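S.K.: Here's a structure for you.
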Amino acid sequence: MEQARAHDAYRLAVRVPEQPGAARGEHTHVEAPPAPPAPRKPVVQRSSVRGQVLDALRAALVGGDLAPGEVYSAPVLGERFGVSATPVREAMQQLAIEGAVEVVPNRGFRVTERSARELGELAEVRALIEVPVMLRLARSVPASRWCELRPLAEATVVAAAGGDLARYAESDRAFHRAVLSLSGNQQLVQVADDLHRRSQWPLVSGPVSGRRADLIADAAEHTALLEALVARDLPVVQSLVREHFAGAGA
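Quick note: the sequence shown uses the numbering used here, first residue 12, plus one each step.
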C-alpha cells in the first residue's frame, strides 16, 4: 500500500501539464517551436563592387583621368568599369559628400574644379591640425615607434619615383594616418585624412602631369620628417611639416 501511494505521488510530481482535450481522452498534439528564419544572403558582393568602383574613381580623379569641370554619367562610367550604373551612382554619391564631384540633375556628376586658393586653404587647415599634434608626439613617442614607420615613408618614395599619382596619393595618406594614429585620437585621424584626401584632387587647370620631381621631393620630406622625429628636433619637425603642407597647396 505504501509503495502504491509513493508511486502515485511521484507521478503527480513529474506530470506534464495536460493540454486542452487531454482530460477527455483526446489525442494531444504539442506544437513544435517555430523554426528560426533563414539567414539572409550576405551583401558582401555588392559592397565590394561599390568599394572597388569608389577606389577606381578616386584613382581616376587623382590621376586626372576624370577632368575637372566635365560631367560624367553613371551608365557610361559603368561600361568603363564593367559594372552596372548602380554601384557607380552609389560611389559618386560618396564622392559628392567628399566634395570631389557635384550632382548635375538628369545628367550625372561634374568633377569639382579646385582652385589653387582652395587647395591653399586646405593646406592651411591641415597645418593647424597636424603641426601641434606632431610636435606633441615628437616629445613623447620613443624613437623605436618612429622607426616602425620607415616602410611607409619608403613606399611614398617608390611611388614617387614611378610617377604613379594614384599610388602616391594613397601611400602619402597612409604615412600621415600612421603618424597621427600614434596620438590615439581616431576622430583626429579621420578628420585629417578627409582634409588630406580633398587636397589631392587635381587643380582647375586640368590633370596633374610632369610632376614627378615634385612627388620625389615631397616623398623625401617624409623621410626627413621621420629623422627629425627620431632625434626629437622640434624646430626641424615644425619647419618640415609646414613646408610639406605649403608644397601640397602650391
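All residues carry an ideal CB built from backbone N, CA and C; glycine is no exception.
No experiment lies behind these values; they were computed from the predicted model shown.
#1: I believe Leu-139 touches Ala-102 by the beta-carbon criterion, under 8 Å. Please report the beta-carbon distance rounded to the nearest angstrom.
#2: Please report the Cβ distance between Leu-148 and Leu-193, rounded to the nearest whole angstrom; I am assuming they are in contact, meaning their Cβ atoms lie under 8 Å.
#3: Taking Ala-96 and Leu-72 to be in contact with their CB atoms under 8 Å, please state how far apart those CB atoms are, rounded to whole angstroms.
#4: I need the straight-line Cα distance from Arg-121 to Gln-197, nearest angstrom please.
#5: If we count Cβ pairs, one from each stretch, closer than 8 Å, do we get three or more for the region 236-249 versus the region 147-166?
#6: Output the distance between the C-alpha atoms of Glu-165 and Gly-62, rounded to the nearest integer angstrom.
#7: Thinking just about the alpha-carbon of each residue, which of His-255, Arg-150, Val-169, Ala-85 is nearest to the one in Arg-223?
#8: Taking 6 Å as the limit between beta carbons, can you name the residues of its chain near Gln-211, skipping five residues before and five after?
#9: Could you please give the first and the last residue of the uninterrupted beta strand (DSSP E) stretch that includes Glu-9?
#10: Just to confirm the assignment, what range does the beta strand (DSSP E) spanning Arg-121 have?
#11: Within 9 Å (strictly less), CB to CB, does Val-252 reach chain C?
#12: With DSSP as the reference, please indicate the residues paired to Tyr-83 in a beta bridge.
#13: Quick one: grab the DSSP three-state call for Arg-91.
#14: Select from Leu-106, Val-252, Ala-203, Arg-209 the residue whose C-alpha is nearest the C-alpha of Gly-119.
#15: Near Phe-256, which residues of its chain fall below 7 Å by C-beta distance, leaving aside the five closest residues on each side in sequence?
#16: Which same chain residues, not among the five before or five after Asp-204, have their C-beta less than 7 Å away from its C-beta?
#17: Identify every residue that forms a DSSP beta bridge with Arg-156.
#18: Helix, strand or coil for Arg-222 per DSSP?
#19: Return helix, strand or coil for Gly-174, following the three-state DSSP convention.
#20: Quick one: measure Cβ to Cβ for Val-252 and Val-142, integer angstroms, because I've assumed they're closer than 8 Å.
#21: Go ahead and label Val-55 buried or exposed: buried means 16 or more other beta carbons lie within 10 angstroms of its beta carbon, across all protein chains shown.
#22: Do Leu-191 and Val-144 have their C-beta atoms within less than 9 Å of each other?
#23: Using CA coordinates, which residue listed in Ser-151, Pro-153, Arg-208 is at the minimum distance from Ala-177?
#24: Taking Cβ positions, are His-233 and Leu-163 nearer each other than 9 Å?
#25: Ordered along the chain, which non-local residues of its own chain (more than five positions away) have a Cβ less than 6 Å from that of Arg-100?
M.R.: Working from what's here:
#1: About 30 Å separates the two Cβ atoms, so there is no contact after all.
#2: 5 Å
#3: Going by Cβ atoms, the distance from Ala-96 to Leu-72 rounds to 19 Å, so no, they are not a contact pair.
#4: 32 Å
#5: yes
#6: 26 Å
#7: Val-169
#8: Val-73, Ala-180
#9: It is not possible to answer for residue 9, since the shown part of the chain is limited to 12 through 261.
#10: 119-122
#11: The structure shown contains no chain C, having only a single protein chain.
#12: Phe-120
#13: helix
#14: Leu-106
#15: Ala-134, Arg-137, Ala-138
#16: Arg-184, Arg-188
#17: Its beta-bridge partners do not exist; DSSP assigns none.
#18: coil
#19: coil
#20: 5 Å
#21: Confidence at Val-55 is low in this model, with a pLDDT of 38, below 50, so the placement of that residue is unreliable and no value is reported for it.
#22: yes
#23: Arg-208
#24: yes
#25: Ala-85
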